[in-house]
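Below is one structure; the comments refer to it alone.
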Amino acid sequence: MSNQVAVVTGAGSGIGAAIARELFSRGYTVVVSDIDLKSAQKVASELKGAVAEQLDVTNPTASSELVNKVVKDFGGIDVWVSNAGISKMQKFVDVSPEDLKRSFEVNTYGIFYCGQAVARKMIELGIKGKIINTASMAAKQGRVPFLADYVASKFAVLGLTQAMAFELAPHGIRVNCVCPGFVATPMQDRELAWEAQLRGTDPESVKKLWINDTPLARLETPEDVAKVVAFLAGPDADFITGEAISVNGGAYMD
Ligand SMILES: NC(=O)c1ccc[n+]([C@@H]2O[C@H](COP(=O)([O-])OP(=O)(O)OC[C@H]3O[C@@H](n4cnc5c(N)ncnc54)[C@H](O)[C@@H]3O)[C@@H](O)[C@H]2O)c1
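As structure tokens, this is what we get:
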């Protein structure tokens, strides 16, 4: 697997950082990107040969510039993981137009823009690359409290993943997404506090609810997700495209 180059967005924290580490451990040269450059630099500093790059995925020009820079510095891009995402818990009736717009800008448009930028370059260079998007368990079911805008933005990621996979297949580019469940990350810490407040309870009780809702009976780790992303990036997944793989301990089965 050596000499393969992987770019991960939103890799300064949580799941993205675990994906960067997992791909590094499998021999990839990793570009750790995040809107927060400091956090990306911290993750990259642990991984020999990795570099940190600032990228706000809502900026299509910046996405193309990063693609060009990585190709100039490393000669190509074999794997692109669009992982950056945001959430904010509130009642459906309270979601402001600004919050709705921001959820789609980061969670959906960001994947669209990055996917376009990297696919254009892969096609130009004849690279049979792999694109992996981080969706969510909330991309397959709307039975999720206080996350209506997030659910809508993540359902869109599933459709987009299929459309990308279909159009890019003739170029030998595979596109898939992962659908994590209750993953212990800084995003989850924020959600535990929000949900506790909205339900009038405490974060520990909410955590118990989530674990009880998971047949494998524990919170998911970022590494649980990262291993599946690495599988989708590698040759064992050579004939998989347009898939949305649930990684959730059985919390939602489809
Ligand atoms: N934690 C969970 O339970 C869970 C479950 C399902 C899906 N997800 C998805 O996994 C992904 C990672 O989530 P996480 O839990 O690691 O969250 P996190 O908040 O720990 O990390 C997200 C990272 O994305 C970065 N980011 C935010 N906006 C960005 C932007 N505009 N451009 C570039 N980077 C940006 C943040 O700086 C942060 O480093 C997200 O897409 C999230 O929706 C998380």
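Position 67 of the sequence shown, counting from 1, maps to 53 under the working numbering, and the rest follow consecutively. Virtual Cβ for every residue (Gly too), placed ideally from N, Cα, C. Here the structure is a predicted model, which means the values were calculated and not measured.
Inset, instruction - Could you tell me the distance, in whole angstroms, from the CA atom of E91 to the CA atom of A149? - result: In this structure, the straight-line span from the alpha carbon of E91 to that of A149 is close to 18 Å.
Legend entry - Sheet register partners of E51 (DSSP bridge): Looking at the DSSP output, E51 bridges to nothing.
Legend entry - Cβ pair count under 8 Å reaching 3, the stretch 162 to 177 against the stretch -5 to 4: Contact between the stretch 162 to 177 and the stretch -5 to 4 is present: 3 or more CB-CB pairs across the two stretches fall below 8 Å.
Legend entry - Coil, strand or helix - K28 by DSSP: It is helical.
Inset, instruction - Measure from the alpha carbon of N162 to the alpha carbon of each residue in D42, A48, L218, S31, then state which is nearest. - result: Considering only alpha carbons, the answer is L218.
Legend entry - For A31, the nearest candidate out of Q40, G220, D22, V18 (CA to CA): According to the sequence provided, residue 31 is Ser. The question's Ala does not apply to it. Nearest C-alpha to S31: V18.
Inset, instruction - Would you decide whether L111 is buried or exposed? Buried here means 16 or more other CB atoms lie within 10 Å of its CB. - result: Exposed.
Legend entry - Cβ-based burial, G104 [other Cβ within 10 Å; buried from 16]: Going by the sequence as given, residue 104 is Val instead of Gly. Buried, since its Cβ has 16 or more Cβ neighbours within 10 Å.
Inset, instruction - Check whether the stretch 186 to 197 touches the stretch 212 to 232, counting contact only when three or more Cβ pairs, one atom from each stretch, lie closer than 8 Å. - result: Flag = no, the stretch 186 to 197 and the stretch 212 to 232 do not touch.
Legend entry - Bridge partner(s) assigned by DSSP for E245: With the chain covering only -13 through 240, there is no way to say anything about residue 245.
Inset, instruction - Taking V248 as the reference, give the member of I97, T207, P221, L195 with the closest Cα. - result: The structure shown does not extend to residue 248, since the chain spans only -13 to 240, so no value can be given for it.
Legend entry - Reduced DSSP category for S191 - H, G, I as helix; E, B as strand; rest coil: Here S191 sits in helix by DSSP.
Legend entry - Exposed unless 16 or more other CB atoms sit within 10 angstroms - verdict on D222: Per the 10 Å Cβ criterion, exposed.
Inset, instruction - Answer yes or no: do V192 and L178 have a C-beta to C-beta separation smaller than 8 Å? - result: The beta carbons of V192 and L178 sit closer together than 8 Å.
Legend entry - Uninterrupted alpha helix (DSSP H) stretches inside the stretch 77 to 124 (no shorter than 4 residues): Listed in chain order, they are 83 to 90, 96 to 111.
Inset, instruction - Flag D210 as yes when its Cβ comes closer than 7 Å to any non-hydrogen atom of ligand 1, and as no otherwise. - result: No.
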